[in-house]
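S.K.: Sequential numbering from 1 applies to the sequence shown in full-length UniProt numbering.
One structure is given below, represented as structure tokens, and several questions about it will come after.
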Amino acid sequence: MNAQTSSADAVSASARDRVIIFDTTLRDGEQSAGASMTYDEKLQVAELLDAMGVDIIEAGFPIASIGDFEAVSEIARNTQNAVIAGLARAIPADIARCGEAVRHARRPRIHTFVSTSPIHLKYQMNKSLDQVIEIINATVAQARGLVEDVEWSAMDATRTPIDDLCRCVEAAIRCGATTINLPDTVGYATPEEYEAMFRQVIERVPGADKAIFSAHCHDDLGLATANSLAALRGGARQIECTINGLGERAGNASLEEVVMAIRTRADRLPYVTGVKTPMLVQASRLVSAVSGFAVQYNKAIVGKNAFAHESGIHQDGMLKNNETYEIMRPEDVGVRATNLVMGKHSGRHAFKEKLKELGFELGDNAFEDAFRRFKDLADRKKHVYDEDIEALVEDEISSAGE
Ligand code: KIV
Ligand code: ZN
């Protein structure tokens, strides 16, 4: 079975569970230091996310500012398909403001959270676990009085003792939370731990079958995507992520990585998402432009080099069969074509193809001379452009004619 066809064929569609994609680019993503977006930019991003088939858009944190409230309200009014969520702390005024912001959405959600770990309870909240459970009871019930769809998050879940976490989750479900999010707020968990946490909570909490469980991973150790996928094995069916992995500190799990891992490795990951993957690069470029955060060249899926090959061995393989060095088709993520970059590592095969593409056909000797000159040039110059090769070959042809 080859890599590019394995995804759709290996496990039949009916056997694959639907994973809900919850995009938080406009909330957690915007919390990236220096990434704030204007009202118009947020509307533009939300429109694209909706068109791309994201299930839930977390549009902002309505109590944070008037601008955020207005952006969430407008996105709620305009969005055609996706659920629109707003974030609220476990504070009555936050929840009321959030309810007001999302109420015009076709499908509104209030997402409320409170810390549950001992370190947060002691230093940030100065409260006992029993007091936190009282807060959960009151705030989840308040949110449920405003909307049907309530998500509750246990902030710093991965550093919370499992018994404490189960008590909090039980309270949230009893008071009407329909989605339970167990975030790896500080990006501390390993995939095995994160999977086990979901499995234990789902097994132990009465009524857990009534809720959807959600993963929300930060990338402090570079494990956000792996942890999100591990959560699915533990029973989660919603993944919270952002375009380009934007987010607090080292960022959140990257939407394009999660979605393409599920699509490309369906032989191992029997799930499906509703995301139209050919729009991924467009979304990446838009978010990069509005946030001002450049995408690193070697970023998985959407980086400039994700489908670029420079070494002679790789280029030779690619010219014979794309699957030698590519596990996804570029067009499946919105890249026009594979890019064979001409540089000092390129070999004769790629050089010959490039000449053909530029409309040149050289005899054996002229080809060898041109290839040698190209290698000299590539040693001196970081980027060898088509125009450089054209100039070099034209010079070769005219000197051969003299
Ligand atoms: O990382 C986190 O814990 C959060 C919550 C607000 C869900 O972003
Ligand atoms: Zn977060």
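For each residue, glycine too, the CB sits at the ideal point set by N, CA and C.
Treat the numbers as computed from the prediction; the structure is a model and nothing was measured.
Closest to A366 by C-alpha separation, out of N252, F307, M328 and K352, would be which residue?
M.R.: K352
S.K.: For a test of the three-state rule: what should DSSP assign to A306, helix, strand or coil?
M.R.: coil
S.K.: Tell me whether T264 counts as near the ligand KIV, meaning its Cβ is closer than 7 Å to at least one heavy atom of that ligand.
M.R.: For the ligand KIV, not one heavy atom lies less than 7 Å from the Cβ of T264.
S.K.: Under the three-state reduction of DSSP, which class applies to F360: helix, strand or coil?
M.R.: Three-state DSSP puts F360 in coil, outside helix and strand.
S.K.: Might you give, ordered along the chain, the residues of its own chain that have their beta carbon closer than 7 Å to the beta carbon of A15, omitting 5 neighbours on each side?
M.R.: So the list reads P270, once near-sequence residues are dropped.
S.K.: Measuring alpha carbon to alpha carbon, tell me which residue in E387, Q238 and K122 is nearest I262.
M.R.: Ranking the options by Cα distance to I262, first place goes to Q238.
S.K.: Could you pull out every residue in the same chain whose Cβ sits closer than 7 Å to the Cβ of M155, ignoring the five residues on either side in sequence?
M.R.: F113, V114, S115, T116, H120, P183 and T185
S.K.: When the distance is taken between beta carbons, is L392 closer than 8 Å to A370?
M.R.: yes
S.K.: Hey, how far is the Cα of K382 from the Cα of G274?
M.R.: 41 Å
S.K.: Work out the CA separation of A177 and L232 for me, nearest whole Å.
M.R.: One alpha carbon belongs to L232, the other to A177, and they sit about 20 Å apart.
S.K.: Give the single residue among R109, S284, D94 and S346 whose Cα lies nearest to the Cα of P62.
M.R.: D94
S.K.: Would you tell me roughly how many angstroms separate the C-alpha atoms of S7 and H314, rounded to the nearest one?
M.R.: At S7, the pLDDT of 45 sits below 50, so the modelled position is not reliable and the matter cannot be decided from this model.
S.K.: Ends of the alpha helix (DSSP H) at F69?
M.R.: DSSP places F69 inside the alpha helix (DSSP H), whose first and last residues are I66 to N78.
S.K.: Who's in the neighbourhood of the ligand KIV, going by beta-carbon under 7 Å from any heavy atom, listed in chain order?
M.R.: D28, L87, F113, S153, M155, D156, N181, P183, T185, H216, H218 and E248
S.K.: Just list the alpha helix (DSSP H) runs in the stretch 162-192, keeping only unbroken ones of 4 residues or longer that don't cross its boundaries, in chain order.
M.R.: Listed in chain order, they are 162-174.
S.K.: Give the straight-line distance between the Cα atoms of P118 and D130, rounded to the nearest whole angstrom.
M.R.: 12 Å
S.K.: Buried or exposed for P92, please, with buried defined as at least 16 other CB atoms from any protein chain shown within 10 angstroms of its CB.
M.R.: exposed
S.K.: Count the other CB atoms, across all protein chains shown, that sit within 10 Å of the CB of G363; report buried if there are 16 or more and exposed otherwise.
M.R.: By the neighbour-count rule (16 or more Cβ atoms within 10 Å), G363 is not buried but exposed.
S.K.: Got a sec? Which residues, its chain only, sit under 6 Å from E256 by beta carbon, not counting five neighbours each side?
M.R.: L280, I301 and V302
S.K.: Roughly how many whole angstroms lie between the Cα atoms of S346 and E310?
M.R.: 6 Å
S.K.: Measure the C-alpha to C-alpha separation of D395 and L286 and round it to an integer number of angstroms.
M.R.: 42 Å
S.K.: Can you tell me whether DSSP reads Y194 as helix, strand or coil?
M.R.: Helix, per DSSP.
S.K.: In three-state DSSP terms, what is E148?
M.R.: Looking at E148 - three-state DSSP - the assignment turns out to be coil, as it is neither helix nor strand.
S.K.: Rounded to whole angstroms, what is the Cα-Cα separation between G187 and C98?
M.R.: 27 Å
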